[in-house]
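Each remark here refers to the structure printed beneath this line.
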């Protein structure tokens, strides 16, 4: 420590020029700006690059844009395919696996190799894939690419290794599952139909083997033609020509009849004894009209015919409703005997499947449930009860119940927080579910040894907040909070509501949560903040409302000299508006432009309300309309339970609220926060008494230009006419892309104001918003957010010309440009720090980061005694300390001088509604972690880590010297940065707009990891990407799914242990004894040997030009992962089969050569025989 103290002394006495780290001061990583070299600092850094590895862990939520469904009745696992080439495999809770086809082609169909631990997928690029499910991370073993024909339908009989593949041309091919090689046996469409038929039957839409005889294959063509093909005799047993197009076919288990669903909404039943016409045709939902005709119905897309031993058979189908009933929901119909039950669904049905007790198609099926895959949900219906209840879904399939607009990730939470949240949330769960166990219960999963409490918080467009238990790479709903309950419902008849046309006024933009004190704070799109306290008891409460005006008039802007001697703005004035608990005019009562001013966007409930246990709203802070403009959205937020303070900012300024005393402590414009320490030397605006249009912080000159503080096209430098909200208009379901350029979320809502043009009474309003343009728009999910900041050609050219020119002269013209520049508050951080160089002890401070790369320190004086804290005011005011970086400031964090992360002070949670010992519960118990608590002596300072869009810097406090600086990126910009703990140490984790995930050591800022993970395809990723402790991160990979990933080598190593096993060894159930008579008269299905018909010896090889075999990438990697046990045996068997196939190919070529040689020899021998046969022996 002696060596370290000498360094500190040297830094403390360093020149003032080193106190502000100019971005041009050091460009190389780790270049110090102070005299002593950083290498002298005696901090032992333990992290090295070997501690980091990036890998995906698990994906939660509903599969986006699902297309296919499959179920293994023995293993009891479910597979769902998607349009983007993804496959989700689900078993018991905890068994959840995501696979992705490299091609990204849509999955058309899924087929399990029942009880074999394998899955066949057919994709839209006409490729078949065989997946090995006997390992924790499934891999492709084989692929078969069809070149000349398109795949339309696949069928794999139970316990068969031959896959039937139907194509768009009407042909049926046969693939060996073991070798994934095409058989030479082909059923051509022109042989399947009669020669006299003049039209093509269309694509194959159905394939199934007869339950009575496996040697008979039923082929259904789209046009309505059905053919039963005798595989042995290679001819058709019968052909059916029906007038209506066929969508699906389902057999009776005895194999004597089958049912078809058609495009006219009808079901036809066919008996094999007479195939000339159906013996029954029904229109389940078609009624006879007055003129005697059947009303037209929608197609029945699928039907399943399932028999039951003790009751009537089940007929289950989707669709078939009449066209005249507009607005009807999609339906699933269950016909059981004479009872017809129609189940209405919330979303269109993609696929459904009946779950049966037996995997054999020639036994009584005994269906017990129906899995219904909807466009945005997965439900399972219990068929064993007459009212058909649904099972409670154990998977988190409702993340997208309302579109996700923000996320937060907390690892290593207090161990008691999850049980408490669950106990509160379980009281509000829906009822009426089936009492039976969830039927998809396959696989095995154990908790694992490397688990700790983790919580994910999602904010949604409807104003709801969901808390999820994310421990042990699972996800379970804990608690749901509806923030809209704090406000009155907007009445459409009111003038304000009609003008706003706001569909989602409560949409969540950001959240701040202190797990220790359980204080929770949310920011909404309507420029409102709600503070919640947690209680285990219900209570009667009245929500306190504070209203803040973060827009000031030009007449009220005062020069820094007038402000220097009054740093604490606690008096009533333009800079610190007093709280208004109830406004005289209702926010919705005004209809004129002038009446909107000084009103918030929402109306808080002003009466006593009964609140249930859980999070209870205590305080609502709202920004007010000003100058006929709605308030700018809030861009930064921080809350500290030990201080009892809440700070927030936007592109107009900063406000600090004392939520214990319910007062506003500070409300200042960003420019005024500098005092006399403005590094850009901007001029204050001179008051204009005579003006026709309102001026203020949102005013720009007519010749508006934007400046770029060296951001390499960072979005914070984009300024333009017109204000655009960060949440765009329409709620899209598809993936949106960034318009023209990537936009940083740190500055998305900080577009500058508009030029004021003197007009009539309606002129300014139209100029501000445009004709008919509402000031607020429909909140959009983070999955669909795109932010478009308009840039004029002049501004773009000026911005480009000023790239890489951070240091430049401050002429009057530049000052005028700076005067109109919006400087947003982009990050806030409370903590114990040193506001001035002369400070010897740490005091409560607020660190403020702005979009121009400036960090401001604001000291606070907070009474320590509990009674004084509730009565005496908190003193707060700017200190004049300014630190600078390139790009918008994203994150501020503190380390002690041993390199350990300093946690912010917090208050220990206490239940204010508890009934026992109220005096004890009123006392606040604070936990202060001082920067000097882990050091030998006090007053040695701490390190401040500041990360911006472009670079990271480490400052030594209180000397304010920049110890280390690292330029993170030149061509892109950082979207998210966090200081996190990894392997008992700390690092800086960054996610850039170019898709790179990086980690830097602390405090030296050495690059440890730089992986090009994924491109920024849309703003969904930028809005939802977040890091947490333990080397984990997450983002919204689709509008309905959360992708978690790990960047810690330790986490990746433990991942195999944490993942569930998809395959468990289970004996295949034995087939029922059919009896002598049934076996004798029921056909010779057991004598059918497919190998004799489809094998290479009998049918030869398929055409190589028709399909190309592609070996899977599992290869040696799969062998290493599955080096032992059944998985290893399977992998070795697959590789042995490949080698055997190659040897057989070589043998075939050698045999062909030998046959050619033999034929030549035979020909010559025959010629010699003919030449010599008439000669005598003595003539030879």
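Numbering (the working numbering), first residue to last: 10 to 1189.
Idealized CB from N, CA, C, for every residue including glycine.
Please read all numbers here as calculations on a predicted model, not as lab measurements.
Residue i burial status per 10 Å Cβ neighbour count (16 or more: buried)
{"i": "residue 394", "result": "exposed"}
{"i": "residue 138", "result": "buried"}
{"i": "residue 357", "result": "exposed"}
{"i": "residue 1181", "result": "exposed"}
{"i": "residue 297", "result": "exposed"}
{"i": "residue 336", "result": "exposed"}
{"i": "residue 396", "result": "exposed"}
{"i": "residue 2", "result": "Limits of the chain in this structure are 10 at one end and 1189 at the other, which puts residue 2 out of reach."}
{"i": "residue 850", "result": "exposed"}
{"i": "residue 312", "result": "buried"}
{"i": "residue 905", "result": "buried"}
{"i": "residue 319", "result": "exposed"}
{"i": "residue 332", "result": "exposed"}
{"i": "residue 243", "result": "exposed"}
{"i": "residue 60", "result": "buried"}
{"i": "residue 900", "result": "buried"}
{"i": "residue 685", "result": "exposed"}
{"i": "residue 339", "result": "buried"}
{"i": "residue 388", "result": "buried"}
Inter-residue CB distance, residue i and residue j (contact presumed, cutoff 8 Å)
{"i": "residue 315", "j": "residue 323", "result": "5 Å"}
{"i": "residue 257", "j": "residue 270", "result": "5 Å"}
{"i": "residue 632", "j": "residue 495", "result": "16 Å between Cβ atoms; not a contact."}
{"i": "residue 664", "j": "residue 657", "result": "6 Å"}
Neighbourhood of residue i by C-beta distance below 7 Å, restricted to the same chain and skipping five residues each side
{"i": "residue 863", "result": "688, 891 and 893"}
{"i": "residue 7", "result": "Limits of the chain in this structure are 10 at one end and 1189 at the other, which puts residue 7 out of reach."}
{"i": "residue 127", "result": "139, 140, 141 and 142"}
{"i": "residue 1046", "result": "68 and 1052"}
{"i": "residue 472", "result": "491, 492, 493, 515, 516, 517 and 533"}
{"i": "residue 7", "result": "With the chain covering 10 to 1189 only, the question about residue 7 has no answer from this structure."}
{"i": "residue 1220", "result": "Since the first residue of the chain shown is 10 and the last is 1189, residue 1220 is not available in this structure."}
{"i": "residue 217", "result": "164, 227, 258 and 260"}
{"i": "residue 1044", "result": "1030, 1033, 1034 and 1052"}
{"i": "residue 161", "result": "175, 176, 177, 212, 213 and 214"}
Identity of the residues DSSP links to residue i by a beta bridge
{"i": "residue 667", "result": "654 and 672"}
{"i": "residue 916", "result": "935"}
{"i": "residue 238", "result": "226 and 245"}
{"i": "residue 3", "result": "Nothing about residue 3 can be reported from this structure: the residues present for the chain run from 10 to 1189 only."}
{"i": "residue 91", "result": "75"}
{"i": "residue 834", "result": "859"}
{"i": "residue 277", "result": "269 and 290"}
{"i": "residue 853", "result": "841"}
{"i": "residue 1016", "result": "1009"}
{"i": "residue 623", "result": "544"}
{"i": "residue 61", "result": "1057"}
{"i": "residue 1120", "result": "151"}
{"i": "residue 164", "result": "173"}
Any non-hydrogen atom of the ligand ATP within 8 Å of residue i CB
{"i": "residue 656", "result": "Absence of the ligand ATP is noted for the structure shown, with no ligands found whatsoever."}
Contacts around residue i, its chain only, beta-carbon distance under 6 Å, and the 5 residues preceding and following it disregarded
{"i": "residue 1136", "result": "Reliability of the predicted coordinates at residue 1136 is poor, the pLDDT of 47 falling under 50, and the value obtained from them is presented with this limitation in mind. Around residue 1136: 143 and 144."}
{"i": "residue 97", "result": "72, 89 and 107"}
{"i": "residue 1003", "result": "981"}
{"i": "residue 433", "result": "488, 622 and 623"}
{"i": "residue 1172", "result": "none"}
Beta-carbon contacts of residue i that lie in its chain and below 8 Å, excluding the five residues immediately before and after
{"i": "residue 419", "result": "463, 464, 465, 466, 522, 524 and 1037"}
Within-9 Å CB hit, residue i to chain C
{"i": "residue 1168", "result": "Protein chains in the displayed structure number just one, and chain C is not present."}
| task | Say whether the segment 218 to 227 touches the segment 377 to 384, bearing in mind that this needs 3 or more beta-carbon pairs closer than 8 Å, one atom from each stretch. | result | Too few Cβ pairs lie closer than 8 Å, so no.
| query | Does the segment 146 to 164 come close enough to the segment 181 to 199 that 3 or more CB-CB pairs lie under 8 Å? | reply | At 8 Å Cβ cutoff, the stretches touch.
| Cβ contact (3+ pairs, closer than 8 Å) linking the segment 1102 to 1118 and the segment 194 to 202 | Yes: the two stretches touch, three or more of their Cβ pairs being nearer than 8 Å.
| request: Determine contact between the segment 368 to 377 and the segment 1076 to 1083, defined as no fewer than three beta-carbon pairs at a distance below 8 Å. | output: With the cut-off at 8 Å, the segment 368 to 377 and the segment 1076 to 1083 touch.
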